[in-house]
Structures are given as structure tokens and as C-alpha cells.
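Below is the structure:
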């Protein structure tokens, strides 16, 4: 197990437990994600897709998000995420879903349309990011979509979502989409 730290909000400085087999979002990248979102996270409905340790969604809860839905297919990661939510007192504002992210997105259009912010942090250079973005392109109404990916990964051309901005942090790029 590795340990991550919450960077801001009511749980700032608290530590999270994370499974060893995941690549957690680096602290500076996590900070950048929330700088891009700014105060709009307060009261927001958030989707944390490919949630892993849940560090992004938990950071959103700490910064005042009203509700976060965490979606991942790894049972070990979700079990640790549940423990972190319990320890921080955030479980009432969270929903955990064990599912393939793309299948869940296709089956949950109403939940996707209700989201204000959607964070995606899939395994780097995996085509699953393209598939998830294409489903979001068809489904999202007004959410801000933030995708973390390798700088070597080409992102798909989308119809409704357009790139608002990109920031690079070493090998990591954060791409922000808007409708």
C-alpha cells in the first residue's frame, strides 16, 4: 500500500491509503486539476472514472463537491476507497460502482448528463480513454471533462466536446474539454 495526501479543503493534509498496483495522480497534477476547476467544485456533482484509489474524487469531496460517483472495475481498489471514505466521513456523499467504465457510461446517460465535472484517469496509453471520451461526447450536456493521459497518447476527434485547454506536467497531460 502507498500513501497519498489530500491537498485542499476540509480534509487537507489527511492521508489516503492506495493499492500498490495503481498509478496515483501526482500531487502537482492533482493540484493543477483543481486549479483548472477552481471554486466551481463547491456543490458540484462529480464523476471519478477509472477511480483507482479515489484520490481525485476524495479531493473533490474535501473541496466541497456535493456528491461523487466513483467508477472502477478493480474490487481491491474499491475496497480501499470505501475505507478511505469511511475514515474521512465522506461516504454519505459518495457512490461506488464496480464496473467497466465504458459499459457504465453507456448504461448511465442520465447520471452522466447530471454531472458538473467528469475526471478520467485511465491506464496510460490505453484505448479505453478514446472509447470513454467518445461515449461522453455523445452524452455530456454541460459538464467540464478533465482527462489525464500520457503526452504520447493521441486523443480522438470529437464532435460536441472541444479541447478548452491542455497542461503538460512531465509525461502527464491534462486535457480539459467543454461542450
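Numbering (this note's numbering), first residue to last: 28 to 206. Ideal placement from N, C-alpha and C gives every residue a C-beta, glycine not left out. Since the model is a prediction, treat every value here as computed from it, not as a measurement.
Taking the alpha-carbon of residue i as reference, which of the options has the nearest alpha-carbon?
{"i": "residue 180", "options": "162, 172, 148, 187", "result": "148"}
{"i": "residue 42", "options": "100, 56, 74, 112", "result": "112"}
{"i": "residue 94", "options": "168, 74, 107", "result": "74"}
{"i": "residue 174", "options": "197, 166, 190", "result": "190"}
{"i": "residue 186", "options": "205, 36, 194, 197", "result": "205"}
{"i": "residue 31", "options": "37, 45, 39, 38", "result": "45"}
{"i": "residue 86", "options": "76, 78, 123, 33", "result": "33"}
{"i": "residue 184", "options": "151, 162, 196", "result": "162"}
{"i": "residue 178", "options": "150, 133, 188", "result": "150"}
{"i": "residue 115", "options": "76, 37, 141", "result": "37"}
{"i": "residue 196", "options": "118, 55, 136", "result": "55"}
{"i": "residue 101", "options": "83, 133, 137, 123", "result": "123"}
{"i": "residue 152", "options": "182, 104, 145, 134", "result": "182"}
{"i": "residue 76", "options": "119, 135, 35", "result": "135"}
Would you say residue i lies against chain C (beta-carbon separation less than 7 Å)?
{"i": "residue 81", "result": "Although the question refers to chain C, the structure presented lacks it and comprises just one protein chain."}
Roughly how far, in whole angstroms, is the beta-carbon of residue i from the beta-carbon of residue j, given that I think they are within contact range, below 8 Å?
{"i": "residue 71", "j": "residue 143", "result": "4 Å"}
{"i": "residue 108", "j": "residue 89", "result": "At roughly 14 Å, the Cβ-Cβ gap does not stay under 8 Å, so residue 108 and residue 89 are not in contact."}
{"i": "residue 59", "j": "residue 194", "result": "6 Å"}
{"i": "residue 57", "j": "residue 82", "result": "7 Å"}
What residue range does the beta strand (DSSP E) around residue i cover?
{"i": "residue 199", "result": "199-205"}
{"i": "residue 175", "result": "171-177"}
{"i": "residue 41", "result": "First-last for residue 41: undefined, no H or E at that position."}
State the start and end residues of the unbroken alpha helix (DSSP H) segment that holds residue i.
{"i": "residue 186", "result": "Note, residue 186: premise wrong, no alpha helix (DSSP H); not H, not E."}
Handout entry: Inter-stretch contact (C-beta, 8 Å, three-pair minimum) for the stretch 55-71 and the stretch 192-203
Key = yes
Exercise for the section: Please confirm if the stretch 151-162 is in contact with the stretch 121-135, defined as three or more CB-CB distances below 8 Å between the two stretches. Expected result: yes
Exercise for the section: Pair every Cβ in the stretch 84-101 with every Cβ in the stretch 167-178, then say whether three or more of these pairs are closer than 8 Å. Expected result: no
Exercise for the section: Any chance you could list the alpha helix (DSSP H) runs of at least 4 consecutive residues sitting entirely within the stretch 64-121, in chain order? Expected result: 82-89, 102-115
Problem - Minimum length 4: unbroken alpha helix (DSSP H) runs contained in the stretch 133-164 - result: Here the runs fully enclosed are 136-141.
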